[in-house]
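Structure, as structure tokens:
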Amino acid sequence: MLVIFQATKENISSLEERLEINYLRSTNLPTNTIDGQDIISGLTQNPKSLPPQYFYDDRGSQLFEQICELPEYYPTRTEAWILHQYAGEIARMTGVCELVELGSGSSTKTRLLLDAYQA
């Protein structure tokens with residue numbers, strides 16, 4: 035999770051102090067995740083499914099980044115285009131604000147907004 039706090043002269047003296055990155059790991063998992071019941075339940079459904087916590091480990095994140103580059107997977111490319119086109123306008127419209135990014139992956143799209151706020 036990327037959290038950007040409102041910067042003021044009183045509480046921030048450098049750009050680095052504006053950014054705080056937290057990687058969250060839940061210690062409050064439901065009991066069915068501990069014994070694998072959530073996996074069994076998902077794989078016995080129609081259609082089959084798995085909870086995201088099992089495929090977004092480091093390797094899962096790498097695979098997802100590769101999927102995002104496939105020609106047939108358009109959401110990431112479309113979102114990046116929209117942010118590339120409108121990040122400056124978004125930054126102007128929102129002004130000084132807090133930006134919270136939950137699960138940004140490689141942060142490529144987040145970087146477009148951060149750069150616009152720095153411009």
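The sequence shown lines up with residues 35 to 153 when you count with the working numbering.
No residue lacks a Cβ here, since even glycine has one placed at the ideal position from N, Cα and C.
Remember, it's a predicted structure, so these values are computed and weren't measured experimentally.
Item: Coil, strand or helix - E135 by DSSP; Value: strand
Item: Cβ neighbours of S75 in the same chain (closer than 7 Å, five flanking residues each side left out); Value: none
Item: Euclidean distance between Cα positions of P109 and C102; Value: 8 Å
Item: N- and C-terminal bounds of the alpha helix (DSSP H) containing A114; Value: P109 to T128
Item: At least 3 beta-carbon pairs within less than 8 Å: the region 137 to 149 vs the region 92 to 100; Value: yes
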